[in-house]
Amino acid sequence: MSNPLTEQPPASADQLLNAIRQLISGGAAGASASNAQAVTPSDSTTLENCRALYVGTGGDVVATVGGQDVTFINVPDGTWLPIMATQVKASTTASDLVRLW
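Position in the sequence shown (first residue = 1) + 769 = the numbering used here.
Structure (C-alpha cells):
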C-alpha cells in the first residue's frame, strides 16, 4: 500500500494559510466547527470527528493523521492545524490544545 503522506510535495506556506482560512470560514469539510473540547495528549485516547486542532501554547505536536504519526515541529502559539487527527500523542510538547469538530 502506498503512503499518501509521502506522495504529495510539501505544502507551501501560502497553501497552508489558505487551508486555515477555509477551515476558519467554514469552507473546509462542508461547514465550520460547532463543537470544541480541550485535548490532553495521550497515547491511548482516540479523538473522534476531529477536524482541526488549535495550539494555544506552542511546541511540537505529534498526531496520528491518516493512520500515521506525524510530528509538527515548533508550532507557534495560536496556530490552527487543519488536520483530522485521531490521536494527539503523549510526546507532544505544545499545550493548551483544543480539538474542533
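All residues carry an ideal CB built from backbone N, CA and C; glycine is no exception. The model shown is predicted, which means the values in this text are computed figures rather than measured ones.
What number of angstroms, rounded off, separates the C-alpha of residue i from the C-alpha of residue j?
i: residue 846; j: residue 821; result: 15 Å
i: residue 833; j: residue 854; result: 5 Å
i: residue 787; j: residue 803; result: 20 Å
i: residue 805; j: residue 844; result: 20 Å
i: residue 838; j: residue 783; result: 24 Å
Would you say residue i and residue j are within 9 Å of each other, going by their C-beta atoms?
i: residue 824; j: residue 859; result: no
i: residue 827; j: residue 814; result: no
Given residue i, which residues of its chain have a CB within under 7 Å of its CB, disregarding the five upstream and five downstream residues?
i: residue 842; result: 829
i: residue 781; result: none
Note down, in chain order, each residue of its chain lying with its Cβ closer than 6 Å to the Cβ of residue i, except the 5 sequence neighbours on either side.
i: residue 808; result: 857, 866, 868
i: residue 785; result: none
i: residue 818; result: 870
Please classify residue i: is it buried, with 16 or more other beta-carbons within 10 angstroms of its beta-carbon, or exposed?
i: residue 840; result: exposed
What residues in its chain sit with their C-beta under 8 Å from that of residue i, if we drop five residues either side in the sequence?
i: residue 811; result: 856, 857, 858, 859
i: residue 861; result: 810, 828, 829, 830, 831, 832
i: residue 816; result: 808, 854, 855, 856, 857, 868
Of all Cβ atoms in chain C, is any one closer than 9 Å to the Cβ of residue i?
i: residue 816; result: The structure shown contains no chain C; it holds only a single protein chain.
- Message: To test your reading of the DSSP string, which unbroken beta strand (DSSP E) runs of 3 or more residues are found completely within the stretch 798-832?
- Response: 805-808, 821-826
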